[in-house]
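Some notes on the structure that comes next.
Residue numbers (this note's numbering): 159 to 575.
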(Lines of atoms letter the chains of each structure in order from A and count residues from 1; the text may use other names and numbers.)
(Lines give C-alpha, C1' and ligand atoms only; values in the text may rest on other atoms or scores of the structure.)
Protein backbone atom coordinates (compact mmCIF):
# COMPACT_ATOMS: atom_id res chain seq x y z
CA UNK A 1 0.00 0.00 0.00
CA UNK A 2 2.77 2.43 0.97
CA UNK A 3 4.76 1.66 -2.21
CA UNK A 4 1.68 2.30 -4.36
CA UNK A 5 1.08 5.73 -2.77
CA UNK A 6 4.71 6.80 -3.22
CA UNK A 7 4.72 5.86 -6.92
CA UNK A 8 1.69 8.00 -7.82
CA UNK A 9 2.44 10.06 -10.97
CA UNK A 10 5.89 8.57 -11.57
CA UNK A 11 4.88 6.24 -14.39
CA UNK A 12 4.33 9.38 -16.48
CA UNK A 13 7.70 10.82 -15.45
CA UNK A 14 9.41 7.53 -16.34
CA UNK A 15 7.79 7.63 -19.78
CA UNK A 16 8.97 11.22 -20.27
CA UNK A 17 12.51 10.23 -19.25
CA UNK A 18 12.57 7.41 -21.81
CA UNK A 19 11.23 9.86 -24.41
CA UNK A 20 14.11 12.23 -23.60
CA UNK A 21 16.62 9.64 -24.84
CA UNK A 22 15.06 9.72 -28.30
CA UNK A 23 14.73 13.52 -28.22
CA UNK A 24 18.34 14.14 -27.17
CA UNK A 25 19.94 11.61 -29.55
CA UNK A 26 19.43 13.79 -32.68
CA UNK A 27 20.90 16.77 -30.78
CA UNK A 28 24.07 14.81 -29.94
CA UNK A 29 24.45 13.53 -33.53
CA UNK A 30 23.80 17.01 -34.97
CA UNK A 31 26.42 18.50 -32.65
CA UNK A 32 29.01 15.98 -33.90
CA UNK A 33 28.07 16.80 -37.52
CA UNK A 34 28.47 20.51 -36.83
CA UNK A 35 31.92 20.00 -35.29
CA UNK A 36 33.09 18.30 -38.51
CA UNK A 37 31.51 21.05 -40.62
CA UNK A 38 33.19 23.71 -38.49
CA UNK A 39 36.61 22.11 -39.00
CA UNK A 40 35.94 22.03 -42.74
CA UNK A 41 34.83 25.69 -42.72
CA UNK A 42 37.94 26.84 -40.85
CA UNK A 43 40.17 25.00 -43.35
CA UNK A 44 38.38 26.46 -46.41
CA UNK A 45 38.32 29.98 -44.96
CA UNK A 46 42.10 29.72 -44.38
CA UNK A 47 42.58 28.74 -48.04
CA UNK A 48 40.36 31.63 -49.19
CA UNK A 49 42.43 34.12 -47.18
CA UNK A 50 45.62 32.78 -48.77
CA UNK A 51 44.09 32.84 -52.27
CA UNK A 52 42.94 36.44 -51.72
CA UNK A 53 46.57 37.36 -51.10
CA UNK A 54 47.61 35.61 -54.33
CA UNK A 55 44.78 37.25 -56.26
CA UNK A 56 45.95 40.66 -55.10
CA UNK A 57 49.45 39.91 -56.40
CA UNK A 58 47.98 38.74 -59.71
CA UNK A 59 45.77 41.81 -60.08
CA UNK A 60 48.80 44.04 -59.51
CA UNK A 61 50.70 42.32 -62.35
CA UNK A 62 50.18 43.73 -65.81
CA UNK A 63 50.52 40.36 -67.55
CA UNK A 64 48.83 38.12 -65.00
CA UNK A 65 46.10 37.01 -67.43
CA UNK A 66 46.02 33.21 -67.36
CA UNK A 67 47.68 32.95 -63.93
CA UNK A 68 45.07 35.35 -62.59
CA UNK A 69 42.33 33.16 -64.08
CA UNK A 70 43.78 29.94 -62.61
CA UNK A 71 43.94 31.46 -59.12
CA UNK A 72 40.47 32.97 -59.53
CA UNK A 73 39.07 29.59 -60.62
CA UNK A 74 40.59 28.08 -57.48
CA UNK A 75 39.02 30.83 -55.39
CA UNK A 76 35.59 30.25 -56.95
CA UNK A 77 35.91 26.53 -56.25
CA UNK A 78 36.72 27.19 -52.57
CA UNK A 79 33.91 29.75 -52.32
CA UNK A 80 31.42 27.20 -53.68
CA UNK A 81 32.72 24.59 -51.23
CA UNK A 82 32.27 27.07 -48.38
CA UNK A 83 28.72 27.83 -49.52
CA UNK A 84 27.96 24.10 -49.55
CA UNK A 85 29.50 23.69 -46.07
CA UNK A 86 27.35 26.55 -44.77
CA UNK A 87 24.25 25.11 -46.45
CA UNK A 88 24.84 21.78 -44.71
CA UNK A 89 25.54 23.61 -41.43
CA UNK A 90 22.23 25.50 -41.68
CA UNK A 91 20.40 22.23 -42.39
CA UNK A 92 22.11 20.62 -39.37
CA UNK A 93 21.20 23.63 -37.22
CA UNK A 94 17.57 23.33 -38.36
CA UNK A 95 17.53 19.69 -37.24
CA UNK A 96 19.20 20.63 -33.96
CA UNK A 97 16.71 23.45 -33.34
CA UNK A 98 13.77 21.11 -34.07
CA UNK A 99 15.17 18.50 -31.67
CA UNK A 100 15.81 21.22 -29.09
CA UNK A 101 12.21 22.46 -29.35
CA UNK A 102 10.98 18.90 -28.80
CA UNK A 103 13.24 18.66 -25.75
CA UNK A 104 11.77 21.90 -24.38
CA UNK A 105 8.25 20.47 -24.77
CA UNK A 106 9.32 17.28 -23.02
CA UNK A 107 10.96 19.20 -20.17
CA UNK A 108 7.86 21.37 -19.81
CA UNK A 109 5.63 18.29 -19.55
CA UNK A 110 8.03 16.70 -17.07
CA UNK A 111 8.05 19.86 -14.97
CA UNK A 112 4.22 20.01 -14.98
CA UNK A 113 4.04 16.36 -13.93
CA UNK A 114 6.57 16.92 -11.15
CA UNK A 115 4.74 20.00 -9.88
CA UNK A 116 1.39 18.18 -9.95
CA UNK A 117 2.82 15.24 -8.03
CA UNK A 118 4.53 17.58 -5.60
CA UNK A 119 1.30 19.54 -5.01
CA UNK A 120 -0.52 16.32 -4.14
CA UNK A 121 2.19 15.49 -1.61
CA UNK A 122 1.95 18.97 -0.11
CA UNK A 123 -1.85 18.65 0.24
CA UNK A 124 -1.44 15.30 1.93
CA UNK A 125 1.28 16.70 4.20
CA UNK A 126 -1.07 19.58 5.11
CA UNK A 127 -3.71 17.10 6.30
CA UNK A 128 -1.18 15.46 8.63
CA UNK A 129 0.82 18.59 9.29
CA UNK A 130 0.82 18.53 13.13
CA UNK A 131 3.02 16.30 15.25
CA UNK A 132 -0.11 15.26 17.20
CA UNK A 133 -1.82 14.00 14.03
CA UNK A 134 1.26 12.08 12.95
CA UNK A 135 1.57 10.58 16.44
CA UNK A 136 -2.12 9.70 16.48
CA UNK A 137 -1.72 8.02 13.09
CA UNK A 138 1.02 5.80 14.54
CA UNK A 139 -0.69 5.13 17.91
CA UNK A 140 -3.95 4.12 16.25
CA UNK A 141 -2.18 1.16 14.67
CA UNK A 142 -3.65 -2.25 15.40
CA UNK A 143 -0.27 -3.84 16.05
CA UNK A 144 3.38 -2.99 16.67
CA UNK A 145 4.34 -4.04 13.15
CA UNK A 146 1.69 -1.75 11.66
CA UNK A 147 2.91 1.13 13.87
CA UNK A 148 6.48 0.50 12.73
CA UNK A 149 5.35 0.35 9.10
CA UNK A 150 3.46 3.66 9.45
CA UNK A 151 6.49 5.37 11.02
CA UNK A 152 8.75 4.25 8.16
CA UNK A 153 6.10 5.37 5.68
CA UNK A 154 5.99 8.90 7.16
CA UNK A 155 9.81 9.13 7.14
CA UNK A 156 9.99 7.93 3.51
CA UNK A 157 7.28 10.35 2.51
CA UNK A 158 9.11 13.33 4.07
CA UNK A 159 12.37 12.28 2.45
CA UNK A 160 10.71 11.78 -0.92
CA UNK A 161 9.11 15.22 -0.70
CA UNK A 162 12.55 16.81 -0.22
CA UNK A 163 13.98 14.83 -3.16
CA UNK A 164 11.01 15.81 -5.32
CA UNK A 165 11.57 19.50 -4.55
CA UNK A 166 15.22 19.14 -5.62
CA UNK A 167 14.21 17.39 -8.86
CA UNK A 168 11.80 20.21 -9.67
CA UNK A 169 14.51 22.79 -9.02
CA UNK A 170 16.99 20.96 -11.28
CA UNK A 171 14.42 20.46 -14.03
CA UNK A 172 13.51 24.15 -13.93
CA UNK A 173 17.20 25.12 -14.15
CA UNK A 174 17.70 22.79 -17.10
CA UNK A 175 14.63 24.15 -18.84
CA UNK A 176 16.01 27.69 -18.46
CA UNK A 177 19.39 26.54 -19.82
CA UNK A 178 17.83 24.79 -22.83
CA UNK A 179 15.74 27.88 -23.66
CA UNK A 180 18.94 29.98 -23.66
CA UNK A 181 20.67 27.38 -25.83
CA UNK A 182 17.79 27.41 -28.31
CA UNK A 183 17.98 31.20 -28.58
CA UNK A 184 21.73 30.93 -29.17
CA UNK A 185 21.18 28.37 -31.94
CA UNK A 186 18.60 30.61 -33.62
CA UNK A 187 21.02 33.56 -33.46
CA UNK A 188 23.76 31.37 -34.94
CA UNK A 189 21.47 30.30 -37.77
CA UNK A 190 20.59 33.93 -38.47
CA UNK A 191 24.31 34.80 -38.70
CA UNK A 192 24.96 31.86 -41.03
CA UNK A 193 22.10 32.90 -43.33
CA UNK A 194 23.54 36.44 -43.46
CA UNK A 195 27.03 35.01 -44.13
CA UNK A 196 25.57 32.86 -46.90
CA UNK A 197 24.09 35.94 -48.57
CA UNK A 198 27.46 37.72 -48.35
CA UNK A 199 29.29 34.72 -49.85
CA UNK A 200 26.83 34.53 -52.74
CA UNK A 201 27.50 38.21 -53.45
CA UNK A 202 31.27 37.58 -53.43
CA UNK A 203 30.86 34.54 -55.67
CA UNK A 204 28.79 36.49 -58.19
CA UNK A 205 31.42 39.24 -58.31
CA UNK A 206 34.20 36.68 -58.81
CA UNK A 207 32.29 34.96 -61.60
CA UNK A 208 31.82 38.31 -63.33
CA UNK A 209 35.58 38.89 -63.03
CA UNK A 210 36.16 35.36 -64.37
CA UNK A 211 33.99 36.06 -67.44
CA UNK A 212 35.83 39.32 -68.11
CA UNK A 213 39.27 37.66 -67.90
CA UNK A 214 38.20 34.81 -70.20
CA UNK A 215 36.91 37.32 -72.79
CA UNK A 216 40.19 39.26 -72.63
CA UNK A 217 42.32 36.12 -72.89
CA UNK A 218 40.40 34.79 -75.87
CA UNK A 219 41.49 37.89 -77.76
CA UNK A 220 45.07 36.70 -77.13
CA UNK A 221 44.51 33.15 -78.37
CA UNK A 222 47.70 33.03 -80.45
CA UNK A 223 49.81 34.10 -77.47
CA UNK A 224 48.13 31.53 -75.23
CA UNK A 225 48.66 28.75 -77.80
CA UNK A 226 52.37 29.56 -77.94
CA UNK A 227 52.59 29.59 -74.17
CA UNK A 228 50.79 26.23 -74.03
CA UNK A 229 53.33 24.76 -76.50
CA UNK A 230 56.20 25.96 -74.29
CA UNK A 231 54.59 24.43 -71.20
CA UNK A 232 54.03 21.15 -73.04
CA UNK A 233 57.68 21.06 -74.12
CA UNK A 234 58.76 21.68 -70.50
CA UNK A 235 56.44 18.90 -69.30
CA UNK A 236 57.82 16.45 -71.85
CA UNK A 237 61.43 17.46 -71.08
CA UNK A 238 60.85 16.82 -67.38
CA UNK A 239 59.13 13.51 -68.09
CA UNK A 240 62.02 12.38 -70.33
CA UNK A 241 64.53 13.41 -67.63
CA UNK A 242 62.67 11.36 -65.01
CA UNK A 243 62.38 8.32 -67.30
CA UNK A 244 66.09 8.58 -68.17
CA UNK A 245 67.05 8.78 -64.48
CA UNK A 246 64.83 5.79 -63.67
CA UNK A 247 66.45 3.76 -66.49
CA UNK A 248 69.98 4.73 -65.39
CA UNK A 249 69.33 3.90 -61.75
CA UNK A 250 67.71 0.58 -62.67
CA UNK A 251 70.67 -0.37 -64.85
CA UNK A 252 73.13 0.58 -62.10
CA UNK A 253 71.16 -1.35 -59.46
CA UNK A 254 71.00 -4.41 -61.72
CA UNK A 255 74.79 -4.31 -62.31
CA UNK A 256 75.43 -4.10 -58.57
CA UNK A 257 73.04 -7.00 -57.90
CA UNK A 258 74.68 -9.20 -60.56
CA UNK A 259 78.14 -8.33 -59.21
CA UNK A 260 76.90 -9.61 -55.84
CA UNK A 261 75.85 -12.88 -57.47
CA UNK A 262 72.10 -12.25 -57.57
CA UNK A 263 69.89 -13.22 -60.49
CA UNK A 264 67.99 -10.22 -61.84
CA UNK A 265 64.98 -10.17 -64.19
CA UNK A 266 65.24 -7.76 -67.17
CA UNK A 267 62.74 -5.15 -65.88
CA UNK A 268 63.49 -5.56 -62.18
CA UNK A 269 64.71 -2.68 -60.00
CA UNK A 270 66.77 -4.45 -57.31
CA UNK A 271 66.55 -2.82 -53.88
CA UNK A 272 68.81 -3.15 -50.88
CA UNK A 273 67.15 -4.24 -47.60
CA UNK A 274 67.34 -0.60 -46.43
CA UNK A 275 65.70 0.65 -49.65
CA UNK A 276 63.01 -2.04 -49.43
CA UNK A 277 62.16 -0.92 -45.88
CA UNK A 278 62.08 2.74 -46.98
CA UNK A 279 59.82 1.85 -49.90
CA UNK A 280 57.41 -0.02 -47.61
CA UNK A 281 57.31 2.83 -45.11
CA UNK A 282 56.66 5.34 -47.89
CA UNK A 283 53.77 3.22 -49.24
CA UNK A 284 52.35 2.88 -45.70
CA UNK A 285 52.08 6.69 -45.54
CA UNK A 286 49.75 6.94 -48.52
CA UNK A 287 47.20 9.68 -47.74
CA UNK A 288 49.35 10.98 -44.86
CA UNK A 289 52.36 12.60 -46.55
CA UNK A 290 52.92 16.27 -45.68
CA UNK A 291 52.49 18.92 -48.35
CA UNK A 292 55.64 19.93 -50.28
CA UNK A 293 54.96 23.57 -49.29
CA UNK A 294 54.10 24.84 -45.83
CA UNK A 295 51.32 27.15 -47.05
CA UNK A 296 49.49 26.93 -50.33
CA UNK A 297 46.48 25.74 -52.28
CA UNK A 298 46.19 23.10 -55.00
CA UNK A 299 45.59 25.09 -58.18
CA UNK A 300 46.25 22.34 -60.73
CA UNK A 301 45.17 18.70 -60.42
CA UNK A 302 46.46 15.44 -61.88
CA UNK A 303 45.36 14.14 -65.27
CA UNK A 304 43.90 15.50 -68.48
CA UNK A 305 41.81 18.69 -68.31
CA UNK A 306 40.09 21.13 -70.59
CA UNK A 307 42.15 24.31 -71.07
CA UNK A 308 40.53 27.12 -69.05
CA UNK A 309 40.39 29.44 -72.09
CA UNK A 310 41.25 27.68 -75.37
CA UNK A 311 38.30 25.79 -76.80
CA UNK A 312 38.67 22.07 -77.61
CA UNK A 313 42.20 22.02 -76.20
CA UNK A 314 43.15 19.59 -73.44
CA UNK A 315 46.18 19.89 -71.20
CA UNK A 316 48.03 17.09 -69.39
CA UNK A 317 49.27 17.41 -65.83
CA UNK A 318 51.60 14.64 -64.64
CA UNK A 319 51.30 15.85 -61.04
CA UNK A 320 49.65 18.65 -59.10
CA UNK A 321 50.43 22.35 -58.80
CA UNK A 322 50.64 24.23 -55.51
CA UNK A 323 50.11 27.98 -55.66
CA UNK A 324 51.92 29.60 -52.77
CA UNK A 325 53.42 32.92 -51.70
CA UNK A 326 56.68 34.54 -52.93
CA UNK A 327 59.78 33.16 -51.19
CA UNK A 328 58.08 29.88 -50.25
CA UNK A 329 60.34 26.86 -49.78
CA UNK A 330 59.76 23.43 -51.27
CA UNK A 331 60.25 20.60 -48.79
CA UNK A 332 60.64 16.84 -49.04
CA UNK A 333 57.42 14.96 -48.32
CA UNK A 334 59.38 11.97 -46.97
CA UNK A 335 62.91 10.91 -46.15
CA UNK A 336 65.00 9.66 -49.07
CA UNK A 337 68.01 10.29 -51.29
CA UNK A 338 68.35 13.04 -53.91
CA UNK A 339 68.59 11.17 -57.20
CA UNK A 340 69.20 14.20 -59.36
CA UNK A 341 68.97 17.95 -59.58
CA UNK A 342 68.06 18.83 -63.16
CA UNK A 343 67.58 22.02 -65.15
CA UNK A 344 64.32 22.09 -67.10
CA UNK A 345 63.85 24.81 -69.77
CA UNK A 346 60.79 26.79 -68.78
CA UNK A 347 60.64 25.15 -65.33
CA UNK A 348 63.90 26.39 -63.73
CA UNK A 349 65.29 23.59 -61.53
CA UNK A 350 63.74 20.30 -60.49
CA UNK A 351 64.77 18.06 -57.60
CA UNK A 352 64.07 14.31 -57.85
CA UNK A 353 64.13 12.32 -54.61
CA UNK A 354 64.09 8.52 -54.41
CA UNK A 355 62.21 6.68 -51.64
CA UNK A 356 62.94 3.05 -52.48
CA UNK A 357 60.67 2.16 -55.42
CA UNK A 358 59.09 5.64 -55.35
CA UNK A 359 60.21 9.02 -56.69
CA UNK A 360 58.96 12.47 -55.79
CA UNK A 361 59.61 15.39 -58.12
CA UNK A 362 59.69 19.09 -57.17
CA UNK A 363 59.97 21.48 -60.11
CA UNK A 364 59.84 25.23 -60.82
CA UNK A 365 62.51 26.01 -58.24
CA UNK A 366 64.51 29.21 -58.62
CA UNK A 367 67.21 27.95 -56.23
CA UNK A 368 68.13 24.48 -54.99
CA UNK A 369 69.29 23.75 -51.43
CA UNK A 370 70.44 20.11 -51.91
CA UNK A 371 72.90 18.20 -54.10
CA UNK A 372 72.89 14.88 -55.96
CA UNK A 373 73.20 11.98 -53.54
CA UNK A 374 72.19 13.95 -50.42
CA UNK A 375 70.12 12.20 -47.78
CA UNK A 376 67.06 14.26 -46.89
CA UNK A 377 64.57 14.01 -44.05
CA UNK A 378 60.80 14.52 -44.04
CA UNK A 379 59.90 18.22 -44.37
CA UNK A 380 63.52 19.23 -45.07
CA UNK A 381 63.78 22.35 -47.24
CA UNK A 382 65.13 21.42 -50.67
CA UNK A 383 64.66 24.63 -52.70
CA UNK A 384 62.98 28.01 -53.22
CA UNK A 385 59.83 28.06 -55.35
CA UNK A 386 60.22 30.38 -58.35
CA UNK A 387 58.04 33.48 -58.59
CA UNK A 388 57.01 34.78 -61.99
CA UNK A 389 57.10 38.53 -61.31
CA UNK A 390 55.50 39.41 -64.65
CA UNK A 391 52.46 37.25 -63.90
CA UNK A 392 52.49 37.56 -60.12
CA UNK A 393 52.33 33.82 -59.33
CA UNK A 394 54.46 31.38 -57.32
CA UNK A 395 53.73 27.75 -58.25
CA UNK A 396 55.43 24.49 -57.27
CA UNK A 397 54.85 21.53 -59.59
CA UNK A 398 54.91 18.22 -57.70
CA UNK A 399 54.92 14.68 -59.10
CA UNK A 400 54.99 11.19 -57.58
CA UNK A 401 56.15 8.10 -59.48
CA UNK A 402 56.09 4.39 -58.63
CA UNK A 403 58.62 2.78 -60.91
CA UNK A 404 57.70 4.01 -64.41
CA UNK A 405 54.11 4.79 -63.42
CA UNK A 406 52.92 8.31 -62.69
CA UNK A 407 50.69 8.43 -59.59
CA UNK A 408 48.08 10.99 -58.54
CA UNK A 409 49.88 12.84 -55.71
CA UNK A 410 46.59 14.10 -54.28
CA UNK A 411 45.82 10.53 -53.18
CA UNK A 412 49.11 10.40 -51.26
CA UNK A 413 49.31 13.75 -49.46
CA UNK A 414 47.35 14.49 -46.32
CA UNK A 415 44.16 16.51 -46.46
CA UNK A 416 44.77 20.20 -45.62
CA UNK A 417 44.29 21.03 -41.94
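Every residue gets a Cβ at the ideal spot worked out from N, C-alpha and C, and that includes glycine.
In this chain, the beta strand (DSSP E) harbouring residue 494 covers 494-501. With the rule of 3 Cβ pairs closer than 8 Å, the segment 453-464 counts as touching the segment 476-483. Assignment of residue 447 by DSSP, reduced to helix, strand and coil, places it in the strand class. With fewer than 16 other Cβ atoms from the protein chains shown falling within 10 Å of its own Cβ, residue 342 counts as exposed. Sequence-distant partners of residue 545 (beyond 5 residues in either direction) whose C-beta falls short of 6 Å from its own C-beta, in its chain, are 484, 552. As DSSP reads the structure, residue 519 sits in a beta bridge with 510, 557. In the three-state DSSP reduction, residue 369 falls in the helix class (H, G or I). When DSSP states are grouped into helix, strand and coil, residue 572 belongs to the coil group.
Counting along the chain, residue 539 sits inside the beta strand (DSSP E) bounded by residues 539-543. One Cα belongs to residue 486, the other to residue 447, and the distance between them is close to 19 Å. For residue 531, the secondary structure class from DSSP, reduced to helix, strand or coil, is coil. Excluding five sequence positions before and after residue 332, the CB atoms of its chain that fall closer than 7 Å to its own CB belong to 265, given in chain order. In the three-state DSSP reduction, residue 551 falls in the strand class (E or B). The segment 490-497 and the segment 519-531 touch, with three or more beta-carbon pairs separated by less than 8 Å. Residue 391 holds the alpha-carbon nearest to the alpha-carbon of residue 474 among 362, 492, 391. Apart from sequence neighbours up to five positions away, the residues of its chain that approach residue 246 with a beta-carbon distance below 7 Å are 195, ordered along the chain. With a contact defined as Cβ atoms closer than 8 Å, residue 329 and residue 268 qualify at about 6 Å. The C-alpha of residue 355 is placed about 43 Å away from the C-alpha of residue 327.
Assigned with DSSP and collapsed to three states, residue 483 falls in coil, not helix or strand. Its Cα nearest to that of residue 467, the residue 385 stands out among 563, 209, 385. Residue 489 has 539 as its beta-bridge partners, per DSSP. At least 9 Å separates the beta-carbon of residue 516 from that of residue 541.
For residue 476, there is no enclosing alpha helix (DSSP H), since its DSSP letter is neither H nor E. With a beta-carbon spacing of about 7 Å, residue 357 and residue 244 fall inside the 8 Å limit used to define contacts. In the DSSP assignment, residue 461 forms a beta bridge with 475. The C-alpha of residue 430 lies about 26 Å from the C-alpha of residue 539.
Residue 546 is bridged by DSSP to 551. For the pair of segments examined, the segment 430-446 was found to touch the segment 563-574: the number of CB pairs separated by less than 8 Å reaches three.
Residue 559 and residue 568 have their C-alpha atoms spaced approximately 12 Å apart.
Where residue 409 is concerned, the enclosing alpha helix (DSSP H) starts and stops at 379-417. Around residue 438, the same chain offers 514 as residues with beta carbons nearer than 8 Å, after the five sequence neighbours per side are excluded.
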